[in-house]
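Peer 1:
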Amino acid sequence: MNRRKARSVAPPAWRRVLVLVLLLALPVVLMARAVSLQLIDGPFLQGQGEQRHLRVESLPAHRGTIRDRQGQPLAISAPVDSVWADPRVTTQEASQQDLAALARLLDTDPARLRSDLNERRERAFFYLERHVSPDLAARVSALDVPGVALQREYRRFYPTGEVSGHVLGFTNIDDHGQEGLELAYDDWLSGEPGAKRVLRDRHGRNIEDVERLREPDPGHDLTLTLDKRLQYVAYRELKAAVERHQAASGSIVLMDADNGDILAMANQPSFNPNRRSEMTGGRYRNRAVTDTYEPGSVVKPFTVLAALRTGRYTPETVVETAPGVMRVGGHQVRDVRNFGELTVAGVLRKSSNVGAAQMALSLESGQVWQTLNSLGIGEPSGVGLPGDSAGRLSSMPSERPIERATLAFGYGLSVSNLQLARAYSAIASGGELPTPALIADGRRPDPERVMSARRAAQLREMLTAVTESGGTATQAAIPGYQVAGKTGTSRKAVSGGYAEDRYISTFAGMAPASDPRFVAVVTIDEPRGDAYYAGPVAGPVFAAVMGDALRLYNVMPDAAFDQPGLTVAGGESP
Numbered sequence: 413m414n415r416r417k418a419r420s421v422a423p424p425a426w427r428r429v430l431v432l433v434l435l436l437a438l439p440v441v442l443m444a445r446a447v448s449l450q451l452i453d454g455p456f457l458q459g460q461g462e463q464r465h466l467r468v469e470s471l472p473a474h475r476g477t478i479r480d481r482q483g484q485p486l487a488i489s490a491p492v493d494s495v496w497a498d499p500r501v502t503t504q505e506a507s508q509q510d511l512a513a514l515a516r517l518l519d520t521d522p523a524r525l526r527s528d529l530n531e532r533r534e535r536a537f538f539y540l541e542r543h544v545s546p547d548l549a550a551r552v553s554a555l556d557v558p559g560v561a562l563q564r565e566y567r568r569f570y571p572t573g574e575v576s577g578h579v580l581g582f583t584n585i586d587d588h589g590q591e592g593l594e595l596a597y598d599d600w601l602s603g604e605p606g607a608k609r610v611l612r613d614r615h616g617r618n619i620e621d622v623e624r625l626r627e628p629d630p631g632h633d634l635t636l637t638l639d640k641r642l643q644y645v646a647y648r649e650l651k652a653a654v655e656r657h658q659a660a661s662g663s664i665v666l667m668d669a670d671n672g673d674i675l676a677m678a679n680q681p682s683f684n685p686n687r688r689s690e691m692t693g694g695r696y697r698n699r700a701v702t703d704t705y706e707p708g709s710v711v712k713p714f715t716v717l718a719a720l721r722t723g724r725y726t727p728e729t730v731v732e733t734a735p736g737v738m739r740v741g742g743h744q745v746r747d748v749r750n751f752g753e754l755t756v757a758g759v760l761r762k763s764s765n766v767g768a769a770q771m772a773l774s775l776e777s778g779q780v781w782q783t784l785n786s787l788g789i790g791e792p793s794g795v796g797l798p799g800d801s802a803g804r805l806s807s808m809p810s811e812r813p814i815e816r817a818t819l820a821f822g823y824g825l826s827v828s829n830l831q832l833a834r835a836y837s838a839i840a841s842g843g844e845l846p847t848p849a850l851i852a853d854g855r856r857p858d859p860e861r862v863m864s865a866r867r868a869a870q871l872r873e874m875l876t877a878v879t880e881s882g883g884t885a886t887q888a889a890i891p892g893y894q895v896a897g898k899t900g901t902s903r904k905a906v907s908g909g910y911a912e913d914r915y916i917s918t919f920a921g922m923a924p925a926s927d928p929r930f931v932a933v934v935t936i937d938e939p940r941g942d943a944y945y946a947g948p949v950a951g952p953v954f955a956a957v958m959g960d961a962l963r964l965y966n967v968m969p970d971a972a973f974d975q976p977g978l979t980v981a982g983g984e985s986p
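If you number the sequence shown the way the numbering used here does, the last residue is 986 and the count never jumps.
#1: Are L720 and T733 close, meaning C-beta to C-beta below 7 Å?
#2: Leaving out five residues on either side along the sequence, give the residues of the same chain with a beta carbon under 7 Å from the beta carbon of I478.
#3: At a cut of 8 Å, does the region 833-853 reach the region 729-743 through at least three beta carbon pairs?
#4: Checking the sheet assignment: what are the DSSP bridge partners for P485?
#5: Enumerate in chain order the residues of its own chain whose CB-to-CB distance from Q975 is below 8 Å, with the five nearest sequence positions on each side excluded.
#6: Using the Cβ count rule (16 or more neighbours within 10 Å means buried), how would you classify E649?
#7: Taking buried to mean at least 16 other C-beta atoms within 10 Å of its own C-beta, is N966 buried or exposed?
#8: Does the beta-carbon of V431 have 16 or more other beta-carbons within 10 angstroms, so that it is buried, or is it exposed?
#9: Are the beta-carbon atoms belonging to S841 and A669 less than 7 Å from one another?
#10: Beta strand (DSSP E) containing I789: first to last residue?
#11: Comparing alpha-carbon positions, which option in V429, R542, P798, A885 lies nearest Y944?
#12: Could you tell me whether the Cβ atoms of A596 and L797 are closer together than 7 Å?
#13: Does the Cβ-Cβ distance between Y644 and V575 come in under 7 Å?
#14: Could you tell me the alpha carbon to alpha carbon distance between D927 and R856, rounded to whole angstroms?
#15: Does the beta-carbon of H368 have 16 or more other beta-carbons within 10 angstroms, so that it is buried, or is it exposed?
#16: With C-beta atoms as the reference, is I936 less than 7 Å away from G741?
#17: Please report the straight-line C-alpha distance between I789 and K898, rounded to a whole angstrom.
#18: Do the CB positions of I890 and G959 come within less than 7 Å of each other?
#19: Would the region 544-561 count as touching the region 504-512 if we require 3 or more Cβ pairs under 8 Å?
#20: Could you check how far apart the C-beta atoms of Y570 and H474 are, in whole angstroms? I think they sit under 8 Å.
#21: Looking only at C-alpha atoms, which of V665, A515, Q658 sits nearest to S922?
#22: Runs of 4 residues minimum, wholly inside the region 626-691: which ones carry the alpha helix (DSSP H) assignment?
#23: Measure how close the beta-carbons of S826 and R804 come, nearest whole angstrom, since I'm counting them as under 8 Å.
#24: Please report how far the alpha carbon of T526 lies from the alpha carbon of P630, in whole angstroms.
#25: What residue does the alpha helix (DSSP H) around Y836 start on, and which one ends it?
#26: Is the beta carbon of T715 closer than 7 Å to that of A833?
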């Protein structure tokens with residue numbers, strides 16, 4: 413009976429109301445949530461979604477091309493691919509087999525690859541391999557590893573390799589200049605990268621270019637004064653000479669005598685800028701610009717110039733050099749042998765240290781120093797290359813007789829090959845000192861007159877005898893042309909004095925002597941063997957490079973000298 417009563421009792425009314433309210437409220441809540449998602453939280457959620465799928469990618473800018481004076485490319489940028497990964501995706505979704513196959517392609521240890529990715533699992537971007545070959549890029553893409561993709565970049569290539577490596581320098585893997593002209597003109601050559609918005613899938617692969625935000629602005633091209641043909645010749649002859657004489661190093665500079673344009677500049681040992689892994693600091697140093705040395709007798713023409721300026725000396729003035737040795741204070745100045753009486757021209761022809769020292773000591777203190785200073789010795793050449801050395805010339809002329817004497821034949825100062833080439837260009841150009849240039853059509857200071865045209869002509873005629881029979885550099889002679897130049901064989905400074913068996917052999921000269929078109933300086937550092945004098949060591953390099961330059965530029969042989977008042981006196985053979 414109690415059970416029957418329980419079944420007949422109706423549920424409370426509030427329950428029905430509650431159920432009805434819930435059924436009516438549910439659509440309202442869903443509608444409110446939809447409105448919130450669409451209108452209130454919509455922009456935020458949309459941004460979050462785009463952050464997970466939309467990316468802004470950089471568009472690399474093409475680096476400017478470097479060309480020689482004939483328009484031949486010396487440095488170019490080519491598109492390449494780099495392999496990258498999104499560690500957040502790769503560590504979660506890539507299988508062990510995928511990573512092992514990828515490691516084999518990238519020639520790395522699979523465990524190392526997994527470790528690198530795990531260490532960066534919170535990052536969205538990580539380079540696995542930069543600048544891969546097209547074949548490797550295609551094989552990586554075919555693996556279709558989650559989170560691994562390719563990115564287009566540019567890589568610098570140097571068609572001439574080590575032939576012009578020291579002048580051009582090189583870029584790093586991000587295409588920024590590190591040495592040479594690549595560094596000096598990095599802002600000019602570099603472009604401004606662009607940007608684009610892309611849509612990526614969950615594996616990090618680009619599936620759609622959404623929009624271009626900014627177009628890349630390519631870098632500017634650079635045209636040099638270098639002549640690739642002469643650069644090859646200079647490199648070839650210098651390398652052969654360094655190997656032939658088992659020398660430590662060497663350098664050569666070839667300049668246009670009229671305007672200072674550098675047509676060739678080479679060094680040994682060299683380096684290939686296409687092979688970054690083989691680069692070492694000692695190899696990519698541009699020795700012709702950065703390295704300085706005591707030049708020795710190549711300075712004697714400037715001592716003679718200082719003497720001629722006084723009016724007390726002419727090319728025919730006799731200088732007594734017997735007995736081939738002279739005492740200056742507590743020191744001795746020696747010649748290789750007793751030359752006896754020499755004219756001023758003969759002092760250059762025989763390269764007499766005693767004759768040069770006697771002339772310098774007969775002048776007022778500082779006159780040789782002032783002449784060297786006016787020719788740019790002791791200051792950077794102004795070529796605009798990194799490491800352009802000023803060399804060394806005392807800030808004030810010395811009053812000590814021995815220092816005045818040694819300065820007269822090239823000790824107690826230091827120069828670079830480029831500085832020396834610049835100074836000789838003043839003799840070649842009729843007395844105007846140019847600023848060396850590597851950039852064609854670039855702005856450069858007007859040349860400065862540092863000697864009269866007559867003095868320059870006198871020096872050229874006297875220096876011509878150096879390469880003729882009886883001179884110290886007959887090996888620098890060029891058939892059909894008169895060559896004016898000077899040898900210098902200087903001992904290397906070491907702790908406590910000068911080495912007895914280590915030399916620097918230099919030849920500086922110009923051709924054709926009557927109206928020079930080119931100037932060249934060749935230096936061979938520490939030649940080994942029986943030959944170490946500059947004539948047989950550096951002279952042949954000069955003759956080969958200068959001879960090819962004269963022929964390539966169709967320079968006519970010079971007429972025989974026939975200028976009143978400029979007769980060169982003879983001298984004894986060495």
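For each residue, glycine too, the CB sits at the ideal point set by N, CA and C.
Peer 2: Inspection of the coordinates gives the following:
#1: Taking the sequence shown and counting its residues from 1, the one referred to as residue 720 is at position 308. Taking the sequence shown and counting its residues from 1, the one referred to as residue 733 is at position 321. Contact: no.
#2: On the sequence shown, residue 478 is found 66 positions in, with the first residue counted as 1. Closer than 7 Å at Cβ, skipping near neighbours: L486, A487, L580, L593, L634, L636.
#3: no
#4: Residue 485 sits at position 73 when you count from the first residue of the sequence shown. Beta-bridge pairing links P485 to R479.
#5: Position 563 of the sequence shown holds residue 975. In this predicted model, Q975 has a pLDDT of only 39, less than 50, meaning its place in the structure is not dependable; the value taken from the coordinates is given anyway. Cβ neighbours of Q975 beyond the five flanking positions: A869, E873.
#6: Taking the sequence shown and counting its residues from 1, the one referred to as residue 649 is at position 237. Classification for E649: buried.
#7: Taking the first residue of the sequence shown as position 1, residue 966 is located at position 554. With fewer than 16 Cβ atoms within 10 Å of its Cβ, N966 is classed as exposed.
#8: One-based indexing of the sequence shown puts residue 431 at position 19. Exposed: under 16 other Cβ atoms inside 10 Å.
#9: Stepping through the sequence shown from its first residue, residue 841 is reached at position 429. Stepping through the sequence shown from its first residue, residue 669 is reached at position 257. Yes, Cβ-Cβ distance for S841 and A669 is below 7 Å.
#10: Reading the sequence shown from its first residue, position 377 is the one you call residue 789. Neither: I789 is in no beta strand (DSSP E) and is coded neither H nor E.
#11: Looking up residue 944 in the sequence shown gives position 532. Out of V429, R542, P798, A885, A885 has the C-alpha closest to the C-alpha of Y944.
#12: As a position in the sequence shown, residue 596 is number 184, starting the count at 1. As a position in the sequence shown, residue 797 is number 385, starting the count at 1. Yes, Cβ-Cβ distance for A596 and L797 is below 7 Å.
#13: As a first step, residue 644 must be located in the sequence shown, where it is residue number 232. As a first step, residue 575 must be located in the sequence shown, where it is residue number 163. Yes. Within cutoff.
#14: As a first step, residue 927 is located in the sequence shown; it is residue number 515 there, counting from the start. As a first step, residue 856 is located in the sequence shown; it is residue number 444 there, counting from the start. Cα to Cα, the separation comes out at about 23 Å.
#15: Only positions 413 to 986 of the chain appear in this structure, which leaves residue 368 out of reach.
#16: On the sequence shown, residue 936 is found 524 positions in, with the first residue counted as 1. On the sequence shown, residue 741 is found 329 positions in, with the first residue counted as 1. In this structure, G741 does not lie closer than 7 Å to I936 by Cβ.
#17: As a position in the sequence shown, residue 789 is number 377, starting the count at 1. As a position in the sequence shown, residue 898 is number 486, starting the count at 1. C-alpha separation (whole angstroms): 17 Å.
#18: The count along the sequence shown starts at 1 and reaches residue 890 at position 478. The count along the sequence shown starts at 1 and reaches residue 959 at position 547. With respect to the 7 Å criterion, I890 and G959 are classified as neighbours on the basis of their beta carbons.
#19: The answer is yes - the region 504-512 touches the region 544-561, with three or more Cβ pairs under 8 Å.
#20: As a first step, residue 570 must be located in the sequence shown, where it is residue number 158. As a first step, residue 474 must be located in the sequence shown, where it is residue number 62. At roughly 16 Å, the Cβ-Cβ gap does not stay under 8 Å, so Y570 and H474 are not in contact.
#21: Here residue 922 refers to the residue found at position 510 when the sequence shown is read from its first residue. The identity of residue 922 in the sequence shown is Met, whereas the question assumes Ser. The option with the nearest alpha carbon to M922 is V665.
#22: Correct list: 640-656.
#23: Position 414 of the sequence shown holds residue 826. Position 392 of the sequence shown holds residue 804. The beta carbons of S826 and R804 sit about 4 Å from each other, so the pair counts as a contact at 8 Å.
#24: For the purposes of this step, residue 526 is identified with residue 114 of the sequence shown, where counting begins at 1. For the purposes of this step, residue 630 is identified with residue 218 of the sequence shown, where counting begins at 1. Before going on, a small fix: residue 526 reads as Arg here, not Thr. Their backbone Cα atoms lie some 37 Å apart in a straight line.
#25: Indexing the sequence shown from 1 puts residue 836 at position 424. 829-840 is the span of the alpha helix (DSSP H), which, as asked, contains Y836.
#26: Working through the sequence shown from its first residue, we reach residue 833 at position 421. Working through the sequence shown from its first residue, we reach residue 715 at position 303. No, the pair does not count as a contact, with Cβ atoms beyond the cut-off.
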